[in-house]
Amino acid sequence: MTLATPEPGDDRACGDDPQGGPSPSGLSSTGLAPAVLAALVANRARFLAFLERRVGRRDVAEEILQDAFVRGLARGRTLREDESAIAWFYRLLRNAIVDRARAAAAEQELLDTICACVTGLVDTLRPEYAAAIRRVELDGESLLAFAAATGITRGNAAVRLFRARQALRRRVEESCGPCAAHGGWQCECRSEPHD
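Laid out in structure tokens, this is it:
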């Protein structure tokens, strides 16, 4: 969703009454005064630059900004009369950056837990399955290179990798139990050694 600058004279673009008149409260349907909404839209480039400096990637900055605009529109009523709309929105952007960092850290922790669990279980597979998982999935070797290195056809390598994944999935389910059914979320087997 991209917020466009309203055309001059288009009062409805600022959220006024659909019949063409201003809303009774003078606020748009978002809870923001039309002038505040216009100021936020007019500062989009500055907001984007602010975010891009902090997150380092334009695509991530765009995503955060769009989410913040949506959140800002939903929370427009939290803007106090004595507060600058621009300062309020910058605070919203800072909070969005922190929220995103927290979510990324939680996701990374989950991935680290899953990876440690799965990597430990690879050693319990048949040697040819363990080699397939380790080289293709963990080390990133192409299936074709794996096939050539092991002296089998590409089709045979694909079948071996498929069977290795199935075997590993069964091991994870046996070892991790219920947490495996939920994608490792709140895995309780972290500290327990695997057989």
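The opening residue of the sequence shown carries number 0 in numbering that gives the first Met the number 0; numbering runs sequentially from there. Cβ coordinates follow ideal geometry from the N, Cα and C atoms, glycine included. Just so you know, these numbers come straight off a predicted model, no measurement behind them.
> What separation, rounded to the nearest whole angstrom, lies between the Cα atoms of F145 and R170?
Replying inline: 23 Å
> Which whole runs of the alpha helix (DSSP H) in the segment 61-124 are 4 residues long or more, in chain order?
Replying inline: 84-121
> For the candidate residues D98, P33, L64, R53, whose alpha-carbon lies nearest to that of R44?
Replying inline: Inspection of the sequence shows that residue 44 is occupied by Ala rather than by Arg. Measuring from the Cα of A44, the nearest candidate turns out to be L64.
> How many Å lie between R53 and A84 at the Cα?
Replying inline: 21 Å
>> Using a 10 Å radius around the Cβ and a threshold of 16 neighbouring Cβ atoms, would you call G75 buried or exposed?
In response: buried
> Leaving out five residues before and five after N155 in sequence, what residues of the same chain have Cβ atoms less than 8 Å from its Cβ?
Replying inline: A146
> DSSP state of S174, grouped into three classes?
Replying inline: helix
> Nearest CA to the CA of V35: which residue from D66, D58, A60, L78?
Replying inline: L78
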